[in-house]
Every structure is written in C-alpha cells, then in structure tokens.
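Take a look at the structure set out below.
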C-alpha cells in the first residue's frame, strides 16, 4: 500500500496524527526533500528505507514504489503541506492505477493556512472578501489561458500566491494590471510555521522592494488583499439580532439597522 501523506507546512507538530502514525510504521519513505522538514524523518523506525525525491524523476519514484510493493512493504510518499496543492500527485496516482498498486491520500495542513496564522488574519471577512484564490505566477512552467494573475486580480478577492517569491516585480505588475491598487495591503510570509518563520507586511507596489531588503527569493507565500487591512463588518453568525438554525435573535435587537 502507498500512502500519500501531507507533511504539513513545516512545523513538526503540525503533521496530522494519522500522518505521524504512518511515518512510524512505514517500511519505505519517499519525501520531498526540498520542502519537507527533515525532522519528520525522526519518526521513522530504524529499518525504514528513506529516499529524498528532490533529485529523483517520476520514473525513479515509481521504480522505488514498485520494488517495495513487490516485497509487500508499507510505503509513505511524503509531500509538503497538503498533497492536493502543487503536489504533482495526479501523475503518480495515474501510474499506480495502471499498475494496480493501491494507494490512499492523507491530507495535511497547507502552508496557506499556516501563513494566515502567521499574520494573525482571517482570509474571509464580511463585506471585504468571501473568496480565497490560490494561484501562482507564470514562470518556466506556464499557466492555462484565463488563469493569469491579472485575470484573478480582477475579482478583488483574497489571493494567496505560491511559488512566486522570485518573480515579485512581475507579480506587482500583474496584480495592478488586474485592478488592484498599488496600495493594497500585502504580506510576504517566509517559511510559515518553521522556526525561522518571518512575516514582512507591505503593499503590492513594495513587494519586490520588501523581498529584496530581506533577501527573500524562495520558500515564501505572498498574501494580497484588503483582509490584511483594518476595515470589516461584524459577522452575523454571532450577532444577537440574527436568527439562524441554532439560535433565535433577541427580539429587542432583531431590528438593529446593521442587520441586513
């Protein structure tokens, strides 16, 4: 059996309980060495065979899995964050299906969640943003038509931008081309949840300048949107004048003008 396990954003104690248990019982671990915290490998048993996939091809990874599967071993494919986001797992799963090798996916805490925790912010705020767009800049790897940064920026929603810390001058241009003001709040979150985590708050028009000043060029998420500002409206969920399926509004407060 192969388990695709989300390692979490970096902090060792942010892996799921299930993920930790699988690391402890695995016979083979193939981990994304360029991003996964190597301290997680300390959970492995002494007899476990460990492979760093940073220097491996897809074919190399599959060859290790096939050999381990023939020996009826438990295999953990350890991906950073949650495997469903920029994890390149579809191509692995398709091959495993072709070879009739069983697998399961164990979700993990994505770095975009850890980044929100780092800046102590809520991505979705009433009357500010009710949507979160996870995307990346086009670099050596292209993005599909109509999915450029400027296309998404036109929505004015919260944006979390992966894999783009080395392209911030172009990112600024694309964000403003799409409709964001240069003064829109932004943040650079370096290695969210790791011991060396750093948060640099800025605006869209100072993203590149801020990153250069702190020598940030990789392993950082870019957060963009007015959710980083100070203005928002109180949520109706806990408002005494709002009725929902679990609570009746207080009669004397039900007609408050701020209830819409």
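In this note's numbering, the protein residues as written are 917 to 1176. Just so you know, even glycine gets a beta-carbon here, dropped at the ideal spot from N, CA and C.
**Message:** Within the continuous alpha helix (DSSP H) that includes residue 955, where are the two ends?
**Reply:** Where residue 955 is concerned, there is no enclosing alpha helix (DSSP H), given that its DSSP letter is neither H nor E.
**Segment limits, alpha helix (DSSP H) that includes residue 1028** = 1027–1035
**Request:** Give every residue of the same chain whose Cβ lies closer than 6 Å to the Cβ of residue 933, excluding the five residues on either side of it in the sequence, and list them in chain order.
**Result:** none
**Request:** Would you kindly work out how many angstroms separate the C-alpha atoms of residue 1106 and residue 999, rounded to a whole number?
**Result:** 20 Å
**Message:** Threshold first: 3 residues or longer. Then list the beta strand (DSSP E) segments lying entirely within the stretch 1085–1148, N to C.
**Reply:** 1101–1106, 1114–1119 and 1136–1140
**Message:** For residue 996 and residue 1074, I'd like the C-alpha separation in whole angstroms.
**Reply:** 23 Å
**Prompt:** Excluding the five sequence neighbours on either side, which residues of its own chain have a C-beta within less than 8 Å of the C-beta of residue 1020, listed in chain order?
**Reply:** 917, 918, 919 and 920
**Message:** Pop quiz: residue 1031 and residue 1139 are said to be a contact at Cβ under 8 Å. What is the actual Cβ separation, rounded to whole angstroms?
**Reply:** 6 Å
**Prompt:** Would you call the stretch 1122–1141 and the stretch 1094–1112 in contact, with 3 or more CB pairs under 8 Å?
**Reply:** yes
**Request:** With a 10 Å radius around its C-beta and 16 neighbouring C-beta atoms as the bar for buried, classify residue 1119 as buried or exposed.
**Result:** buried
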